[in-house]
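> Chains A and B, in that order, are what the protein sequence lines are.
First residue of the first sequence? That's 4 in my numbering, and the numbers climb one at a time after it.
First residue of the second sequence? That's 24 in my numbering, and the numbers climb one at a time after it.
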Amino acid sequence: MKKGQEKLGWLFASPYLVYSLIFFVIPLFGALFLSFTNWNLISPQYENVGFLNFIQAVKSPGVKAAFFVTYKFMIIFVPMVLIGSLVISLIINSLPRFKSFFSVGYFLPYLASGVATSVVVKGILSYNSALNVWLRNTWHLNIDWLGSQILAPLIIAVMISWKFMGYYSLILTSGLESIPGEVYEAAAIDGATGWIKFFKITLPLLYPAMFTVTILAVGLVFGIFTEPYVLTGGGPGFSTNTWQIEIYNQAFSKLNAGYGSAIAIIDSVVTFVTIIIVRKLLEIWGKSYGWE
Amino acid sequence: MKKIAKSILILLLAASLLAGCGTSTSQKNEASQTTKEKVITIDFWAAPNPPQQTFWKQMAEEYAKVNPYIKVNVSPMPESPTSEAGIQAALAGGNAPTISENISRGFAAQLVDSKALVPLDTMDGWNDIVKTRNMENTIQAWEFADGHQYVLPIYSNAMLFAWRIDILKQLGYNEPPKTYSQIIELGKKLKEKYPDKYLWANPDLIDSTWWKRWFDFFMLYDAASNGNKFIEGNNFVADDKAGVATLKFLEDMAKNKLILTQKATDPFETGISVWTTIGPWTFNTWKDKYPELKLNETYVLALPPVPDGMSTDNVKTFADTKGLVIYAQSSPEKQKAAMEFIKWVYSNPENDMKWFEITNLPPARDDVNTNEQFKNYLKDHPELQLYAESIPNAIPPIDNAKFNDIQTLIGQKAVNPVVAGQVDAQKAWDDMKKAIQGVLK
Chain A
4 MKKGQEKLGW LFASPYLVYS LIFFVIPLFG ALFLSFTNWN LISPQYENVG FLNFIQAVKS
64 PGVKAAFFVT YKFMIIFVPM VLIGSLVISL IINSLPRFKS FFSVGYFLPY LASGVATSVV
124 VKGILSYNSA LNVWLRNTWH LNIDWLGSQI LAPLIIAVMI SWKFMGYYSL ILTSGLESIP
184 GEVYEAAAID GATGWIKFFK ITLPLLYPAM FTVTILAVGL VFGIFTEPYV LTGGGPGFST
244 NTWQIEIYNQ AFSKLNAGYG SAIAIIDSVV TFVTIIIVRK LLEIWGKSYG WE
Chain B
24 MKKIAKSILI LLLAASLLAG CGTSTSQKNE ASQTTKEKVI TIDFWAAPNP PQQTFWKQMA
84 EEYAKVNPYI KVNVSPMPES PTSEAGIQAA LAGGNAPTIS ENISRGFAAQ LVDSKALVPL
144 DTMDGWNDIV KTRNMENTIQ AWEFADGHQY VLPIYSNAML FAWRIDILKQ LGYNEPPKTY
204 SQIIELGKKL KEKYPDKYLW ANPDLIDSTW WKRWFDFFML YDAASNGNKF IEGNNFVADD
264 KAGVATLKFL EDMAKNKLIL TQKATDPFET GISVWTTIGP WTFNTWKDKY PELKLNETYV
324 LALPPVPDGM STDNVKTFAD TKGLVIYAQS SPEKQKAAME FIKWVYSNPE NDMKWFEITN
384 LPPARDDVNT NEQFKNYLKD HPELQLYAES IPNAIPPIDN AKFNDIQTLI GQKAVNPVVA
444 GQVDAQKAWD DMKKAIQGVL K
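(1) To the nearest whole angstrom, what separates the beta carbons of A/Asn56 and A/Ser38, a pair I think is in contact under 8 Å?
(2) Against chain B, which members of the region 43 to 66 of chain A pass a CB distance test of less than 7 Å?
(3) Counting Cβ pairs closer than 8 Å, one from the region 183 to 192 of chain A and one from the region 264 to 276 of chain A, do we hit at least three?
(4) Using 8 Å as the threshold, is the C-beta distance between B/Asn160 and B/Asp389 below it?
(5) By a C-beta neighbour count over all protein chains shown, 10 Å radius and 16 as the cutoff for buried, is B/Asp19 buried or exposed?
(6) Of all Cβ atoms in chain A, is any one closer than 8 Å to the Cβ of B/Lys29?
(7) Taking the DSSP output, what are the residues bridged to B/Ala224?
(8) What is the DSSP secondary structure of B/Ser3, counted as helix, strand or coil?
(9) Roughly how many whole angstroms lie between the Cα atoms of A/Ser23 and A/Gly33?
(10) Taking the alpha helix (DSSP H) that A/Ser271 falls in, what are its first and last residues?
(11) Taking C-alpha atoms, which residue in B/Asn279, B/Lys278 and B/Ile295 lies nearest to B/Gln285?
(12) Could you name each continuous beta strand (DSSP E) segment of 3 residues or more that falls completely within the region 170 to 227 of chain A, going from the start of the chain to the end?
(13) According to DSSP, which residues form a beta bridge with B/Tyr350?
(14) Give the residues of chain A in contact with B/Ile414, contact being defined as C-beta atoms less than 7 Å apart.
(15) Would DSSP call A/Ile153 helix, strand or coil?
(16) Counting only Cβ pairs nearer than 8 Å, list the residues of chain B close to A/Ser129.
(17) Please report the straight-line C-alpha distance between B/Ala131 and B/Leu194, rounded to a whole angstrom.
(18) Given that B/Ile206 touches chain A, what residues does it touch there, using C-beta distances under 9 Å?
(19) Since A/Leu258 and A/Asn43 are thought to touch, with beta carbons under 8 Å apart, how far apart are those beta carbons, to the nearest angstrom?
(20) Does DSSP classify B/Val438 as helix, strand or coil?
(21) Alpha helix (DSSP H) containing B/Val62: first to last residue?
(22) Going along the chain, which residues of its own chain have a beta-carbon closer than 7 Å to the beta-carbon of B/Pro440, five neighbours each way excluded?
(23) Under 8 Å between C-beta atoms, does B/Asn423 make it to chain A?
(24) Please classify B/Thr57: is it buried, with 16 or more other beta-carbons within 10 angstroms of its beta-carbon, or exposed?
(25) Are the region 256 to 263 of chain B and the region 215 to 228 of chain B in contact at 8 Å, needing three or more beta carbon pairs?
(26) Could you check whether B/Pro74 and B/Ile301 sit closer than 8 Å to each other, using their CB atoms as the reference points?
(27) Using a Cβ-Cβ cutoff of 8 Å, what residues of the region 244 to 256 of chain A are near chain B? List them in chain order.
(28) Run through the DSSP bridge pairs and tell me what B/Lys345 is partnered with.
(29) What does A/Gly150 reach in chain B if we use C-beta pairs closer than 9 Å?
(30) What is the residue span of the alpha helix (DSSP H) that A/Ser129 lies within?
(31) Using beta-carbon positions only, say whether A/Val72 and A/Thr229 come within less than 8 Å of one another.
(32) With a threshold of 8 Å between beta-carbons, can B/Ile295 be considered close to chain A, or not?
(33) Since A/Pro239 meets chain B, which of its residues come closer than 7 Å, beta carbon to beta carbon?
(34) From the DSSP output, in three-state form, read off B/Thr46 for me.
(35) With distances taken from CA atoms, which of B/Ala387, B/Asn427 and B/Tyr203 is nearest B/Thr155?
(36) Who are B/Trp79's beta bridge partners in DSSP?
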């Protein structure tokens with residue numbers, strides 16, 4: 004590469020690099036520093052507490068809950084959003100016209116405020132909502148939707164899936180559009196029918212897009228905050244207590260910024276390791292089917 | 024070598040550009056300061072609700088007329104995600120205002136621990152405020168462990184309970200019950216006649232968020248213990264007998280299925296429940312949304328119930344009370360100006376009257392129930408009468424810097440499991456006490 008081109012490359016990359024430096028690298032080191040102190044960000048006095056914050060975090064029931072709740076959300080949310088976005092993208096891709104119109108339609112929930120949707124869902128699930136009154140009067144069912152340790156995480160996972168399905172379907176739709184029509188034509192000549200085409204052509208060729216969506220969805224689970232915060236506050240009994248809720252409560256509600264930072268560092272390590280594992284598993288799985 | 028020279032040149036250029044910006048800004052500031060001649064501008068963060076903002080904006084405008092050298096900029100405090108977090112972020116970033124209101128004693132204790140507040144009693148004019156505002160008794164409860172006063176209480180809501188007297192009358196009651204066993208008895212009658220109704224619809228009872236304990240546990244505990252302190256300094260000094268009795272009452276209500284912990288929309292207003300915690304801010308909402316709710320016709324107000332055998336006169340309750348602080352981060356000149364402004368506001372009882380009219384929140388004064396001005400207002404607003412009368416019986420929140428942990432533990436170890444039927448009252452109290460003592464170490 005010529006020297007001039009190299010400089011041009013740096014010039015184009017510089018906005019992102021500066022952005023990353025300001026909003027990612029500096030805060031990361033700041034958080035790392037904070038995690039070894041008992042500083043609350045405002046007091047003039049603080050001490051270096053070594054690994055005490057990390058030891059305390061590992062033992063804390065809130066952090067333990069956040070760890071397991073995240074995987075619980077992952078098990079429910081990732082398959083749900085993957086299947087949902089795949090179905091949406093298949094429908095959109097098969098439409099003869101107005102593809103963009105429907106794509107935008109499915110994308111809209113992604114733009115909706117998490118607080119607003121949570122408030123609406125809270126209303127729908129309240130004891131005296133039309134749905135619950137109907138369930139009680141017709142079926143004698145009195146369901147405590149958000150008070151149940153099983154239903155509450157499920158409802159939150161459904162809400163987040165609904166929000167992200169349209170967004171992920173855009174990625175999958177572009178993946179579907181990039182599959183050449185000739186491949187399907189050749190398969191049809193060989194006698195392949197609908198499902199065989201789907202499993203033997205669509206899925207393998209869509210694998211890179213599916214891979215991206217899966218990694219994005221796994222990463223997203225570690226950042227869940229608004230919906231459980233508004234709907235359940237992390238309860239009942241820690242059943243929806245995510246990493247972000249725990250970090251928020253410690254750092255901003257209890258002013259334990261040092262301890263909150265230690266939790267954030269643990270969270271980022273867990274996120275990183277989980278994504279690496281999921282990535283490896285997906286690669287192994289893809290290779291075993293010859294999709295890579 | 025050339026590369027190094029180039030880099031140095033670029034750095035110098037950037038530095039000179041930045042320095043240029045700095046100079047122009049400071050020059051501008053100096054210029055404006057000179058032209059305005061000693062005009063001191065102070066930032067005042069008002070509570071994030073329209074009535075309180077209206078009041079403080081009005082005060083700032085009126086003050087500008089009598090003192091043009093102090094300008095008070097009133098703006099709502101950031102409330103995302105909470106007003107406490109907004110203040111913390113501002114302090115951390117060095118952008119704290121000069122004054123803010125909406126500060127509870129617990130949060131103030133945290134700020135005091137971080138040396139973020141000015142001890143108001145060390146400033147000129149403090150004694151004048153206490154005297155002219157007639158708050159000598161009220162202010163005593165606000166003294167902090169180090170003997171200083173950091174918060175000027177603005178309002179004091181003696182939290183009350185509301186009863187659906189229209190439904191109670193259908194059950195044969197002409198007034199609400201006052202003791203625990205009377206309430207359980209009423210609950211049983213209610214369930215017999217209306218199986219779908221509940222005594223108390225309150226999902227907060229299974230939520231461990233710290234501030235929710237102000238409006239259930241502390242209301243009942245303050246009444247049961249006759250206002251006995253819960254924490255003193257760094258010691259757990261709560262009345263064990265009263266604490267267990269409070270939890271036993273919740274346990275009994277839960278066992279008799281008198282509590283609805285599912286989230287419901289306006290359960291008291293719609294008659295799903297007959298009992299609720301109520302603050303004076305509710306009346307404005309009712310006026311618009313539920314005009315059919317009328318004092319002494321559909322609802323009545325009452326102090327918290329007490330354990331059987333206890334006197335039902337002069338019952339204590341929790342005081343939802345917040346105040347005003349001056350931040351140590353602002354310059355001494357601004358702090359002094361802030362004090363001048365506060366002194367001016369509270370030198371005239373009419374300003375407290377305006378506050379009462381605009382916000383419905385009883386001013387934290389000793390004479391709300393005796394001063395003619397307030398008495399006349401209360402005559403026209405009978406729903407606020409009991410709030411005013413109960414100010415002397417209202418116990419402010421705990422002033423420990425670990426209030427958040429302590430109140431979270433009251434929820435997690437005591438109130439939540441008792442209501443969920445997981446532990447009995449005695450065990451819950453013991454578990455909670457042990458956990459709180461661990462935090463206070």
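Cβ atoms here follow ideal geometry from the backbone N, Cα and C, with glycine treated the same way.
It should be emphasised that the depicted structure is a prediction, and the values quoted were computed from it without experimental measurement.
According to the data block:
(1) 6 Å
(2) Asn43, Leu44, Ile45, Ser46 and Pro47
(3) no
(4) A contact, by the Cβ cut-off of 8 Å.
(5) Because chain B spans 24 through 464 in this model, residue 19 of chain B falls outside it and cannot be assessed.
(6) In this prediction, B/Lys29 scores a pLDDT of 48, lower than 50, which makes its location untrustworthy; no coordinate-derived value is stated.
(7) Residue pairing for B/Ala224: DSSP places it in a beta bridge opposite B/Leu283.
(8) Because residue 3 of chain B is not part of the residues shown, which for chain B are 24 to 464, the question remains open.
(9) 14 Å
(10) Membership of A/Ser271 in the alpha helix (DSSP H) is indicated by the continuous run Ala260 to Ser291.
(11) B/Ile295
(12) none
(13) B/Leu140
(14) Those do not exist, as B/Ile414 stays about 29 Å from chain A at its closest Cβ, beyond 7 Å.
(15) coil
(16) Gln285, Lys286, Ala287 and Thr288
(17) 45 Å
(18) Under the 9 Å cutoff, chain A gives no residues; its nearest Cβ is about 21 Å from B/Ile206.
(19) 4 Å
(20) helix
(21) Taken as a continuous stretch (DSSP letters only), B/Val62 belongs to no alpha helix (DSSP H), as it is neither H nor E.
(22) The answer, listed in chain order, is Val446 and Ala451.
(23) No, its Cβ sits nowhere closer than 8 Å to a Cβ of chain A.
(24) Because the pLDDT at B/Thr57 is just 41, under 50, the model does not fix this residue reliably, and the point stays unresolved.
(25) Verdict: no, contact absent.
(26) no
(27) Tyr251, Phe255 and Ser256
(28) B/Tyr178
(29) Going along chain B in sequence order, the residues near A/Gly150 (Cβ under 9 Å) are Pro226, Ile229, Thr284, Gln285 and Lys286.
(30) From DSSP, A/Ser129 is part of no alpha helix (DSSP H); its letter is neither H nor E.
(31) no
(32) yes
(33) Ordered by position in chain B, the residues that pass the 7 Å Cβ test against A/Pro239 are Ile229.
(34) Here the model assigns B/Thr46 a pLDDT of 38, short of 50, so the residue's position is not dependable, and the following value carries that caveat. Note: B/Thr46 maps to helix in three-state DSSP.
(35) B/Ala387
(36) Answer is none; B/Trp79 lacks a bridge partner.
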